[in-house]
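Residue numbers (the working numbering): 923 to 1219.
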């Protein structure tokens, strides 16, 4: 196939939360809805038809065999979750907004709880009852024990309607900044749909906006070998990382077609420094502080 692959885009905050649940972790982040269907709202990025995509298809055949597949097709569009675009736009808070007006404590999964009267509680590792989820800006007829509310949430009572409403009234403490999430993601990778992912590469354009591609760990060794084009970079070798990253991202560039060129048909010329003199009209700053223009060699 010569078309593009539609791949998911996920923020590191959501990956961190789903990979650090206190109760459940093995499946990690889920690219499916509650009913098990694909969440196509996440597949907003395109992995262009490129040298990397051609190589990726070949590597996937070798690694997956008949047990798995690189992609799936829905309505003439090809999708793949084996490569994920990761953004770093948000920080992880003590309570994180995971649904409309709904905040969930870090380490807990909203899918595990039913919000009765706009809140859910649980028992922590020390046997203490804690608030794990809360819905704000909606009226409820019963309220939580206000002693369980963190300082940045409040409970307001409406005497006329005899209802309670929770409000976010303060700043929620940051647990991990976007910078710390990048370090965590690069070092540890993450689990999504039960598959382990590691850092793949990022283009110079992506680096300017802080995005990075991650890939199924099973595919990485072969893809990394291909992108090195025969270079043997060992741990501890001196390396211009910025230049290296820019070069290995070139095969992800969109292409129309390919042609075969033999290595012996390349002419490589060494750098040569040429020193010569030339007459020129130069403008410089004079001793009196004014600009002076005159002919010089």
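For glycine and all other residues, C-beta sits at the position ideal for the given N, C-alpha and C. Source: prediction; values computed, not measured.
Selected residue, minimal CA-CA separation from residue i, among the options
{"i": "residue 1203", "options": "1213, 1219 and 1194", "result": "1219"}
{"i": "residue 986", "options": "1176, 1195, 1042 and 1139", "result": "1139"}
{"i": "residue 991", "options": "1087, 1205, 1116 and 979", "result": "979"}
{"i": "residue 1131", "options": "1090, 944, 1159 and 1100", "result": "1100"}
{"i": "residue 957", "options": "1043, 966, 1033 and 928", "result": "1033"}
{"i": "residue 1206", "options": "971, 1215, 984 and 961", "result": "1215"}
{"i": "residue 1118", "options": "928, 948 and 1208", "result": "948"}
{"i": "residue 1178", "options": "973, 1092, 943 and 1067", "result": "973"}
{"i": "residue 976", "options": "1194, 1174, 1201 and 1213", "result": "1174"}
{"i": "residue 1028", "options": "1089, 1017, 927 and 1199", "result": "1017"}
{"i": "residue 1171", "options": "1050, 1043, 1136 and 998", "result": "1136"}
{"i": "residue 1239", "options": "1075, 1098, 1095 and 1002", "result": "The question about residue 1239 has no answer, for the chain in this structure spans 923 to 1219."}
{"i": "residue 1090", "options": "1096, 1058, 1111 and 1081", "result": "1058"}
Cutoff 6 Å; reference residue i; Cβ partners in own chain excluding five residues on either side
{"i": "residue 935", "result": "1012 and 1014"}
{"i": "residue 1104", "result": "1010"}
{"i": "residue 1039", "result": "1062 and 1064"}
{"i": "residue 966", "result": "931"}
{"i": "residue 1070", "result": "1053"}
{"i": "residue 1108", "result": "1121"}
Rounded distance between the beta-carbons of residue j and residue i, thought under 8 Å
{"i": "residue 1120", "j": "residue 1008", "result": "Between residue 1008 and residue 1120 the Cβ distance is about 11 Å, and since that is not below 8 Å, they are no contact."}
{"i": "residue 1083", "j": "residue 1060", "result": "Contact flag wrong, Cβ pair sits at about 12 Å."}
{"i": "residue 1055", "j": "residue 1030", "result": "7 Å"}
{"i": "residue 1066", "j": "residue 1077", "result": "7 Å"}
DSSP-derived helix/strand/coil call for residue i
{"i": "residue 1013", "result": "coil"}
{"i": "residue 1058", "result": "coil"}
{"i": "residue 932", "result": "strand"}
{"i": "residue 1031", "result": "coil"}
{"i": "residue 1076", "result": "strand"}
{"i": "residue 1155", "result": "coil"}
{"i": "residue 951", "result": "strand"}
In DSSP terms, what residue i is bridged to
{"i": "residue 1191", "result": "DSSP output for residue 1191 lists no bridge partner at all."}
{"i": "residue 1086", "result": "1062 and 1079"}
{"i": "residue 1025", "result": "1019 and 1056"}
{"i": "residue 1204", "result": "1216"}
{"i": "residue 927", "result": "969"}
{"i": "residue 939", "result": "DSSP lists no partner for residue 939."}
{"i": "residue 1043", "result": "1053"}
Other residues of its chain near residue i: CB distance less than 7 Å, five sequence neighbours each side excluded
{"i": "residue 1161", "result": "1155"}
Residues of its chain near residue i, where Cβ-Cβ distance is below 8 Å and the 5 sequence neighbours each way are ignored
{"i": "residue 946", "result": "1031 and 1034"}
Residue i Cβ short of 6 Å to the ligand SAH heavy atom set
{"i": "residue 1114", "result": "As presented, the structure is devoid of all ligands, the ligand SAH included, so that no description of it is given."}
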